[in-house]
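One point on numbering: in the numbering used here, the residue at position 98 of the sequence shown is 659, and numbering is uninterrupted. All C-beta atoms, glycine included, are put in the ideal place defined by N, C-alpha and C.
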Amino acid sequence: MKNVLISGSSKGLGQMLTSILRNEGYKVFTMGRTPSADLDLVVDLTDKEATNVLLGTFLSENIIDILICNAGTGKMPFGITSKQDLLDYFYDKNFLTAKNLVNACMPFLKPKSLVIAISSIVALKDIEGAPKEYTFAKRELNKMIQNLAAEQASKGIRFNIISPGNIYFSGSRWEEISNEKPEFVQRMLRDDVPLHNFITPDEIAAAIIYLSSENSRNITGLNLVIDGGQSL
Numbered sequence: 562m563k564n565v566l567i568s569g570s571s572k573g574l575g576q577m578l579t580s581i582l583r584n585e586g587y588k589v590f591t592m593g594r595t596p597s598a599d600l601d602l603v604v605d606l607t608d609k610e611a612t613n614v615l616l617g618t619f620l621s622e623n624i625i626d627i628l629i630c631n632a633g634t635g636k637m638p639f640g641i642t643s644k645q646d647l648l649d650y651f652y653d654k655n656f657l658t659a660k661n662l663v664n665a666c667m668p669f670l671k672p673k674s675l676v677i678a679i680s681s682i683v684a685l686k687d688i689e690g691a692p693k694e695y696t697f698a699k700r701e702l703n704k705m706i707q708n709l710a711a712e713q714a715s716k717g718i719r720f721n722i723i724s725p726g727n728i729y730f731s732g733s734r735w736e737e738i739s740n741e742k743p744e745f746v747q748r749m750l751r752d753d754v755p756l757h758n759f760i761t762p763d764e765i766a767a768a769i770i771y772l773s774s775e776n777s778r779n780i781t782g783l784n785l786v787i788d789g790g791q792s793l
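This is how it looks when you write it as structure tokens:
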């Protein structure tokens with residue numbers, strides 16, 4: 562059994578991945594910002610000191626084989642309008658959360674440990690409607706993970722990226738949009754996504770399972786894109 566720690570797992574994609582991976586036999590530890598009975602670890606990952614203290618205690622007692630940096634958002638915040646404030650918001654939510662988490666875990670990672678960052682295709686291609694500040698943050702995330710892949714390869718620690726396109730599941734933002742604007746969604750899938758499909762959490766979980774398997778032992782620095790061809 563492999564031990565997995567997933568950030569941003571109190572809701573959304575992280576919650577879905579937790580359920581799927583547990584069904585596949587992984588032992589999953591959950592992490593989020595707001596206290597909940599479903600969370601094993603509660604911390605604001607933008608707080609470097611708090612993250613270091615919590616993870617230092619936790620990882621001195623628990624071995625993590627797979628670290629999944631999932632915390633992040635592409636949703637525009639309410640009430641923030643200035644470009645600098647938007648940049649800070651998306652940078653903190655999508656880059657700093659991963660940076661602080663990885664740095665806190667680094668002293669405890671061992672040969673064959675795997676770190677996976679959940680990024681986005683916005684880092685590869687300008688997507689209509691995606692905030693530029695969000696795009697910038699995801700590009701910084703990708704650069705950090707690929708730099709770490711090169712730096713840590715000699716220690717046998719692997720770093721990879723999964724970049725999804727439009728993810729659909731019950732309760733997702735794309736479910737809301739599909740209900741609100743069905744014609745827009747149909748047109749988007751027809752015109753912008755060559756394979757004309759949404760991405761599902763099962764596909765992302767399958768990628769995680771593959772990247773954590775012995776068959777991927779020589780894969781590091783990879784950006785695995787799952788988007789139906791949208792970023793082509």
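If you draw a 10 Å sphere on the C-beta of P725, you find 16 or more other C-beta atoms in it, and that means buried. Considering only M667, F759 and N623, the residue with the shortest C-alpha distance to Q791 is F759. When the five nearest sequence neighbours on each side are left out, the beta carbons in the same chain lying within less than 7 Å of the beta carbon of Q713 are those of F720, in order along the chain. Put simply, the backbone Cα of V754 is about 9 Å away from that of N727. With contacts defined as CB atoms closer than 8 Å, L582 and A767 fail to qualify as a contacting pair. Nearest in C-alpha terms to E689, of all of N664, D653, Q645 and D752, is D752. Put simply, the region 638 to 649 does not touch the region 582 to 596. Fewer than three CB pairs are less than 8 Å apart. Annotation: A678 to P743 spans about 31 Å, alpha carbon to alpha carbon.
Boundaries of the beta strand (DSSP E) around S724: R719 to P725.
The criterion of a C-beta distance shorter than 8 Å is not satisfied by T607 and L662. Cβ atoms of V604 and V589 stay farther apart than 8 Å, at about 17 Å. The region 682 to 698 and the region 662 to 671 do not touch, with fewer than three beta-carbon pairs separated by less than 8 Å. Distances from the alpha-carbon of L578 to those of N776, L783, I769 and P692 put I769 closest. In the three-state reduction of the DSSP assignment, F651 falls in the helix class. In this structure, the CA atom of C630 is about 16 Å from the CA atom of L615. For V614, the enclosing alpha helix (DSSP H) stretches over residues K609 to L620.
Put simply, of G575, F656, E585 and L600 the residue whose alpha carbon is nearest the alpha carbon of Y695 is F656.
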